[in-house]
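Residue numbers (numbering that gives the first Met the number 0): 0 to 398.
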Amino acid sequence: MSETVPVVDGLPMIRGGCPFDPAPQLAELRRDHPVARMVFPDGHVGWLVTGYGEVRRLLADRGMSSRGDLLRTPIPLPMAGDRTEVAPGMFTAMDPPDHTRYRRQLTAWFSARRTRSLEPLLAASVERHLNAMIASGGPVDLVTAFAEPVAALAICELLGVPAAQREVFSRSISALFTVHSSAEEAIAGWQNIGGLLMGLIHAKRAEPTDDLLGTLAADDSLSDQELATIGSVLLVAGYDTSKNMVALGTFALLEHPEQYAALVADPALGEKAVEELLRYLTIVHAGSIRAVGADMEFEGHRFAAGDAVSLSLAAANRDPALCDEPDRLDITREPLPHLAFGHGIHQCVGQPLARLELRLVFEMLARRLPGLRLAVPAEQVPTTPEMIIYGVRKLLVTW
Ligand code: HEM
């Protein structure tokens, strides 16, 4: 069957008319060829998988590897050519048993009780930034006035980063996420983050704290280097995602006024709204990526060891196999088993925090700003289709 499948030249990223719908080519592929071939930026011919069932099964398949020395990025990132050895602690790029060893400690920390304990602090942060926005009178850029500081505070609280260093952290992280960064800027970004984290780790080793990094620092079996790497993985994985879900989620609600009105009428819909926005927007639109560990058959195709596989979470979450009218945003839907946080052993470890943060954000936005609306035409809102994480650069709103 492999001979008849189309070969796609790179992961389709550029969107059509609607800024919330994935690239139109993905829907065609999902309908006709949910498993297709794809040319990766380095010329390697691997696979592109777009069907919900197919993506979900592969993410759960232990034959698929996340080893960093085997993976290829589906888009041309500044450091994409560097398929070097995986640093100790870079658990996202490891398979079991190495991955399991690190992951277990993080999962234990993100207990329901611990997540709940962050609620008062996150709620206060959301409230404070909403107050400042309201006081400024508008129009304001919701990205810089709200999404960035709320997301930065959550991740910095999680790790125990002091307020004075948050600005530098945020800028270094942003440099890693755009194709507009040079390799030098991306490397400098990593070095900055590493240096800042190392300082924190030394302080936490000397004086233990209750935050995630402090808890990990109490474990002597983890080296300083491992801790710094784990910390940077959490920052990178947690900051841009949360920021973009807040800003893009707000944009989507304002472009669907009847949905925002439903939330305003009943802010308790917040939890369902978050699940639906996660599914509908699937901001990790260049993910997930895996490599085939050993030759295998999949849906009549022969996957060879070492083949790169791009698993489109965005296409999968719009599959009619998942729900009725998948292209419609409906915040009253019963929560679906969507793949916005991935699936299987690498499924998002920060999802309890992300869910809490987003619920507080959308509930409180609806309560405090029932008249929220865009201050510019939707076509003028700049989006980021070229980034691993999809979102908006700027969102001018008023109320
Ligand atoms: C709305 C926000 C978020 C979204 C949409 C999101 C999405 C994802 C996705 C799709 C994956 C799976 C990647 C794969 O299959 O390879 C993932 C993994 C991960 N996420 Fe998130 N994430 C979010 C927030 C966070 C937060 C707040 C944190 C940390 C505080 C975080 C930490 C991680 C980590 C460490 C992994 C890797 C897990 C592993 O390899 O075992 N994420 N996330």
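A virtual CB, placed ideally from N, CA and C, is assigned to each residue, including glycine.
Counting along the chain, the unbroken alpha helix (DSSP H) around F250 starts and ends at D223 to E254.
With a cut-off of 7 Å, the C-beta of S241 is classified as near the ligand HEM, since at least one heavy atom of the ligand falls inside that distance. The continuous alpha helix (DSSP H) containing V273 extends over residues G269 to L280. Between L10 and A314 the beta-carbon gap is near 10 Å, outside 8 Å, which marks them as no contact. DSSP places F109 in no beta strand (DSSP E); its state is neither H nor E.
The DSSP-derived three-state label of F90 is helix. According to DSSP, residue pairing for G390 in a beta bridge does not occur. Residue side-chain check: M244 places its Cβ nearer than 7 Å to a non-hydrogen atom of the ligand HEM. Taking 8 Å as the cut-off, the Cβ atoms of A151 and H128 do not count as close. Its chain contains G88, L196, I200, L212, L215 and A216 as the residues whose beta carbon lies nearer than 8 Å to that of L226, once the 5 sequence neighbours on both sides are disregarded; these appear in chain order. Within the stretch 310 to 335, complete alpha helix (DSSP H) segments of at least 4 residues are found at 312 to 315, given in chain order. As computed with DSSP, D140 is found in a beta bridge with L395. Under the three-state reduction of DSSP output, F297 falls in the strand class. For L277, the CB falls within less than 7 Å of some heavy atom of the ligand HEM. Counting only unbroken stretches of 4 or more residues, the alpha helix (DSSP H) elements lying wholly within the stretch 15 to 74 are 23 to 31 and 51 to 58, in sequence order.
As a beta-bridge residue in DSSP terms, D8 pairs with V38.
In the DSSP assignment, the residues bridged to V308 are W46 and R289. Under the DSSP definition of a beta bridge, L373 partners with V396. Beta-bridge annotation (DSSP): T382 is paired with V391.
Taking C-beta atoms as the reference points, T331 and A261 count as a pair closer than 8 Å. In the DSSP assignment, F302 is bridged to M295. For P351, the uninterrupted alpha helix (DSSP H) run begins and ends at Q350 to R367, by DSSP. By the Cβ rule, the stretch 50 to 64 counts as touching the stretch 299 to 313, because three or more pairs are nearer than 8 Å. Judged by pairs of C-beta atoms under 8 Å, the stretch 326 to 346 does not touch the stretch 222 to 239, as fewer than three such pairs exist. For G159, the CB contacts under 6 Å within the same chain, skipping 5 residues up- and downstream, are T208, D210, L212 and G213 in chain order. Three or more Cβ pairs closer than 8 Å define a contact, and the stretch 385 to 394 meets that threshold against the stretch 238 to 254.
Here L373 is not near L364, since their CB atoms are 8 Å or more apart. Shown here, P161 sits in coil according to DSSP, grouped into three states, outside any helix or strand.
Taking a C-beta distance under 8 Å as the contact criterion, V308 and I288 qualify as a contact pair.
Taking a 10 Å sphere around the C-beta of T383, we find 16 or more other C-beta atoms and assign the residue as buried. Residue R354 holds the alpha-carbon nearest to the alpha-carbon of E270 among R354, P148, G136 and H43.
Judged by DSSP in its simplified three-state form, T3 adopts helix. In its chain, beyond the 5 residues on either side, D140, V142 and P381 have a beta carbon closer than 6 Å to the beta carbon of K393. Cβ contact annotation for R36 (same chain, cutoff 8 Å, sequence separation greater than five): S1, V4, P5, V6, V7, V44, G45, W46 and L47, in chain order. Note on geometry: alpha-carbon atoms of V34 and A293 lie some 18 Å from one another.
Residues S65, R66 and V85 of the same chain have their beta carbon placed closer than 7 Å to that of M93, with the five preceding and five following residues left out of the count.
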